[in-house]
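Residue numbering for the sequence shown follows the working numbering, beginning at 16 and increasing consecutively.
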Amino acid sequence: MFNLILFGPPGSGKGTQSERLISRYGLKHLSTGDLLRSEIAGQTPLGLAARSYMDKGQLVPDEVVIEMISSALDNNPKANGFLFDGFPRTNAQAEALDKLLNQKGTEIAVVLALQVTQTELVKRLLNRGLTSGRSDDTNEEIISARITEYEKKTAAVAEHYKKYDKVVYIVGEGTVDEIFEILCKEIDRRLAA
Ligand code: B4P
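Here it is, written out as structure tokens:
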């Protein structure tokens, strides 16, 4: 099994690159953002509760997303590996993920961390907001709140995985194709090892 985390601030290209990576490597894509948006679309109690946080640019409580990921892992017993996109976003989520994978006899192989300047992040998200219908992408205040949440709570997740020497920083500015090739090189090197 090959499990990787695509890490980075909102708008750094995680969702964009995940789509390509899962198709090249046959991994199961687990995006907590997508899972939460599908709960919202289904108007489930979980979705209604999550929406109030997401609309303010805040993180949804840990227990909600950990439970979602735990079920997703259980529901995909035959996966070759998982690509975690937008998860973990706190140290508590990282510890829970390590434990869940450990129970399945596997672990995270690598954390690929996309680095993008704040000006570029805001530009990309506002641009996506023009067409995505995502309410959290249309308002600059909400975008700033998401970036602040990232700096306050999520950036530390890289420190957690640095302890195990699993973090590789990737410049996340350039064309989508250029960044994809760099990500693939890092993955291929590990798959060949
Ligand atoms: P997510 O759905 O994870 O959204 P995101 O981080 O904003 O998007 P992403 O980083 O994937 O977007 P991408 O760059 O691909 O989270 C949304 C919300 O859900 C969070 O704010 C939070 O409330 C909640 N949530 C999710 N997971 C959670 C968790 N684990 N714990 C608690 N709460 C959680 O795309 C951005 C734009 O950039 C696109 O328009 C794309 O086309 C463009 N782009 C990408 N690459 C580019 C490039 N190289 N050049 C130019 N543009 C590019």
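Note that beta-carbon positions come from the ideal geometry of N, C-alpha and C, so glycine has one too. Since the model is a prediction, treat every value here as computed from it, not as a measurement.
Query	Result
Where L145 sits in the DSSP three-state scheme	helix
Delimiting residues of the alpha helix (DSSP H) encompassing K200	191 to 207
Helix, strand or coil at Y184 [DSSP, three-state]	strand
Distance, I55 Cα to L63 Cα	6 Å
Terminal residues of the beta strand (DSSP E) in which N18 lies	18 to 22
Within the region 43 to 125, ranges of the alpha helix (DSSP H) (whole runs, at least 4 residues)	47 to 56, 60 to 69, 77 to 89, 106 to 118
Ligand 1 heavy atom lying under 7 Å from the CB of K29	yes
Own chain residues within Cβ distance below 8 Å of G187, not counting five before or after	G23, S27, G28, L129, Q130, V131, I194
Sufficient close CB pairs (3 or more, under 8 Å) joining the region 175 to 187 to the region 104 to 124	yes
Cβ neighbours of R66 in the same chain (closer than 7 Å, five flanking residues each side left out)	I55
Sequence-distant residues of its chain with Cβ nearer than 7 Å to I162 (five each side left out)	P24, P25, Q133, L136
E164 vs G72 beta-carbon contact at 8 Å	yes
Near ligand 1: L61 beta-carbon under 7 Å from a heavy atom	no
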